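Student: According to my numbering, the stretch in the sequence shown is residues 268 to 640, in order.
Note that the Cβ used here is the ideal one computed from N, Cα and C, for glycine as well.
Source: prediction; values computed, not measured.
Quick one: the structure is below, questions incoming.
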Amino acid sequence: MRVGVPREIKTHEHRVGLTPASAREVRAHGHEVIVERGGGLGAGVTDAEYAAAGARLVDTADEVFASADLVVKVKEPQAIERKKLRPGQALFTFLHLAPDPDQARDLVASGAVAIAYETVTSPQGTLPLLTPMSEIAGRMSIHVGATCLEKSRGGRGTLLSGLPGVAAGKVVILGGGVVGTNAAYVATGLGAEVVVMDRSPEAMRRTAAQFGARVKTVMALGELVAEHVFTAHLVIGAVLIPGARAPRLVTRDMLGRMKQGAVLVDVAIDQGGCFETSRPTTHADPTYIVDGVVHYCVANMPGGVPRTSAFALNNATLPYVLQLADRGWKGALAADPHLRNGLNVCEGRVTHPQVAEALRLPYTDPKTLLGAP
Ligand SMILES: NC(=O)c1ccc[n+]([C@@H]2O[C@H](COP(=O)([O-])OP(=O)(O)OC[C@H]3O[C@@H](n4cnc5c(N)ncnc54)[C@H](O)[C@@H]3O)[C@@H](O)[C@H]2O)c1
């Protein structure tokens with residue numbers, strides 16, 4: 268099979284679908300890998316590294332799309348890329364189709380087989396191709412929060428780690444899931460005082476088992492959230508109620524009772540944010556101040572570290588890329604119900620129930636198309 272990797276063309280996207288190490292694995296399984304020249308540069312990967320991994324470099328995206336049986340990307344195909352797709356060609360990438368009717372229409376019209384990273388599931392019921400992005404955002408939230416605490420950024424002028432004879436900063440993490448525990452990992456590493464608040468006893472048990480006495484776990488009831496937020500230097504918003512808007516845990520009124528120069532990092536901004544005063548920001552202009560409290564609300568935090576993100580994403584996607592290449596999309600999707608959950612559009616039909624519902628398009632059960640049991 269021919270696996271193709273075009274250069275990403277969406278604005279500010281610097282990741283790449285396959286790293287050289289992944290390309291080498293795909294080659295070792297007996298497949299051809301075609302990479303558009305310059306495709307890895309944003310992630311700090313050179314053409315020479317792809318060539319050394321056995322990939323064939325081509326000059327244009329047209330050549331990649333024209334010859335690949337399976338196209339591996341990062342972002343949803345842009346309008347110009349969608350025109351290059353052909354019937355029966357497989358596409359494996361983030362799609363986020365539900366709010367994007369134009370893309371859905373083009374993918375249906377293309378006759379291609381579009382498999383979305385974000386809807387692939389694991390036997391544990393998690394979304395394994397989204398997990399690495401939450402891990403990165405969680406770890407990054409402490410880096411960016413620590414920087415925002417500097418005076419020149421409008422922060423309180425507190426060094427999170429403290430030092431001998433001076434108290435460490437207090438970090439309050441709202442939500443003890445993937446983002447929250449990864450934030451706690453970096454915050455405890457710095458020596459900060461760390462509190463993780465959640466509504467799920469199971470999440471708190473997991474957090475306590477992982478961090479022991481280095482982290483205090485507290486039930487996220489309104490009064491307790493307020494008490495800890497008022498004494499925090501840095502608050503991380505990391506809650507998620509799947510399929511729903513993030514709950515607002517910190518209201519505007521509460522800002523006035525926080526420390527002046529404290530910092531709010533709202534990782535949950537992609538679900539509407541868990542602070543009332545949050546609004547999405549960008550890496551180019553990441554912060555603003557309300558009532559003396561610095562807000563950082565970048566909606567695509569992993570985009571700030573594209574090299575790490577590309578490698579982390581590849582670690583998660585490679586097993587599926589190999590399944591698709593080894594068995595062909597039909598065989599791979601028929602054999603693995605979790606990969607099949609990633610199938611959003613298949614040869615002109617919408618095959619994901621939530622995508623069909625959101626776009627008011629007819630839904631086709633992929634099992635009927637694949638002859639799967
Ligand atoms: N900004 C970014 O770049 C970026 C990147 C990755 C993830 N995210 C977002 O971060 C958020 C968290 O993701 P995750 O992977 O950690 O999710 P997760 O499901 O692993 O964890 C969410 C946690 O929030 C808890 N929770 C739910 N309601 C709560 C409440 N009212 N009070 C306290 N805790 C509550 C849940 O019990 C769970 O433990 C999501 O909105 C995700 O989309 C953003």
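Using only the alpha-carbon positions, how far apart do residue 465 and residue 331 sit?
Tutor: For the purposes of this step, residue 465 is taken as the residue at position 198 of the sequence shown. For the purposes of this step, residue 331 is taken as the residue at position 64 of the sequence shown. For residue 465 and residue 331, the distance between alpha carbons rounds to 46 Å.
Student: Determine the direct distance from the alpha carbon of residue 268 to that of residue 335, and round the result to whole angstroms.
Tutor: Here the question's residue 335 lines up with position 68 in the sequence shown. Here the question's residue 268 lines up with position 1 in the sequence shown. Straight-line Cα distance between these residues: approximately 8 Å.
Student: Near residue 428, which residues of its chain fall below 7 Å by C-beta distance, leaving aside the five closest residues on each side in sequence?
Tutor: By 1-based counting over the sequence shown, the position of residue 428 is 161. Hits under 7 Å: 435, 457, 458, 459.
Student: Measuring alpha carbon to alpha carbon, tell me which of 374, 453, 276 ends up nearest residue 612.
Tutor: In the sequence shown, the residue the question calls residue 612 occupies position 345. Of the listed residues, the one whose Cα sits closest to residue 612 is 374.
Student: Given 7 Å as the limit, tell me if residue 525 has its C-beta closer than that to any heavy atom belonging to ligand 1.
Tutor: Position 258 of the sequence shown holds residue 525. Flag unset: Cβ of residue 525 not near ligand 1.
Student: What residues in its chain sit with their C-beta under 8 Å from that of residue 215, if we drop five residues either side in the sequence?
Tutor: This structure cannot speak to residue 215, because the chain is shown only from 268 to 640.
Student: Tell me whether residue 420 sits in a helix, a strand or coil according to DSSP, three-state version.
Tutor: In the sequence shown, residue 420 corresponds to position 153, counting from 1. The answer is helix: DSSP assigns residue 420 an H, G or I state.
Student: Less than 8 Å separating the beta-carbons of residue 344 and residue 626?
Tutor: Within the sequence shown, numbered from 1, the residue matching residue 344 stands at position 77. Within the sequence shown, numbered from 1, the residue matching residue 626 stands at position 359. No, the Cβ-Cβ distance between residue 344 and residue 626 is not below 8 Å.
Student: On the criterion of 16 or more Cβ atoms from any shown chain inside 10 Å, does residue 423 qualify as buried, or is it exposed?
Tutor: Position 156 of the sequence shown holds residue 423. It counts as buried.
Student: Confirm the yes/no value for this check: CB of residue 466, any heavy atom of ligand 1, distance under 7 Å.
Tutor: Along the sequence shown, read from residue 1 onward, the residue named residue 466 stands at position 199. Yes - ligand 1 has a heavy atom lying nearer than 7 Å to the Cβ of residue 466.
Student: With a threshold of 7 Å (Cβ to nearest heavy atom), would residue 501 be considered close to ligand 1?
Tutor: Residue numbering aside, residue 501 sits at position 234 when the sequence shown is read from its first letter. Not under cutoff, so the answer is no.
Student: Applying the criterion that 16 or more other CB atoms from any shown protein chain within 10 Å of the CB defines a buried residue, is residue 503 buried or exposed?
Tutor: In the sequence shown, residue 503 corresponds to position 236, counting from 1. Result: buried.
Student: What first and last residue would you give for the alpha helix (DSSP H) that runs through residue 414?
Tutor: Taking the first residue of the sequence shown as 1, we reach residue 414 at position 147. Counting along the chain, the alpha helix (DSSP H) containing residue 414 begins and ends at 398-415.
Student: Provide the residue span of the beta strand (DSSP E) that contains residue 560, from first to last.
Tutor: The count along the sequence shown starts at 1 and reaches residue 560 at position 293. Taken as a continuous stretch (DSSP letters only), the beta strand (DSSP E) holding residue 560 covers 560-563.
Student: If you count every other CB in all the chains shown that lies within 10 Å of the CB of residue 421, and 16 or more means buried, which is it?
Tutor: Start at 1 with the first residue of the sequence shown, and residue 421 comes out as number 154. Buried is the call here.
Student: Considering only the alpha carbon of each residue, which of 319, 292, 276, 301 lies closest to residue 309?
Tutor: As a first step, residue 309 is located in the sequence shown; it is residue number 42 there, counting from the start. The shortest Cα separation from residue 309 among 319, 292, 276, 301 belongs to 276.
Student: Report all residues from its chain with a CB closer than 6 Å to the CB of residue 461; omit the five preceding and five following residues, and keep chain order.
Tutor: If you number the sequence shown from 1, residue 461 lands on position 194. These residues qualify, in order along the chain: 438, 451, 454, 455, 482.
Student: Report the residue from 638, 621, 610, 640 whose alpha carbon sits nearest the alpha carbon of residue 384.
Tutor: To locate residue 384, count along the sequence shown from 1; it is residue 117. Cα-wise, what sits closest to residue 384 is 610.
Student: What is the rounded straight-line gap between the Cα of residue 567 and the Cα of residue 513?
Tutor: Stepping through the sequence shown from its first residue, residue 567 is reached at position 300. Stepping through the sequence shown from its first residue, residue 513 is reached at position 246. Taking the straight line joining both Cα atoms gives about 16 Å.
Student: Enumerate in chain order the residues of its own chain whose CB-to-CB distance from residue 341 is below 8 Å, with the five nearest sequence positions on each side excluded.
Tutor: Taking the first residue of the sequence shown as position 1, residue 341 is located at position 74. The residues are 275, 280, 282, 283, 284, 360, 361, 577, 580.
Student: Under 7 Å Cβ to Cβ from residue 386, same chain only, skipping five residues before and after it: list those, please.
Tutor: To locate residue 386, count along the sequence shown from 1; it is residue 119. Cβ neighbours of residue 386 beyond the five flanking positions: 608, 609, 611, 619.
Student: Tell me which residue opens and which closes the beta strand (DSSP E) that residue 359 is part of.
Tutor: Against the sequence shown, residue 359 aligns to sequence position 92. Run containing residue 359: 357-360, per the beta strand (DSSP E) assignment.
Student: Alpha carbons only, please: which of 440, 534, 546, 550 is nearest the one belonging to residue 498?
Tutor: In the sequence shown, residue 498 corresponds to position 231, counting from 1. Looking at the Cα atoms, 440 is the closest of the given residues.
Student: Rounded to whole angstroms, what is the Cα-Cα separation between residue 411 and residue 417?
Tutor: Counting from 1 along the sequence shown, the entry for residue 411 is found at position 144. Counting from 1 along the sequence shown, the entry for residue 417 is found at position 150. C-alpha separation (whole angstroms): 10 Å.
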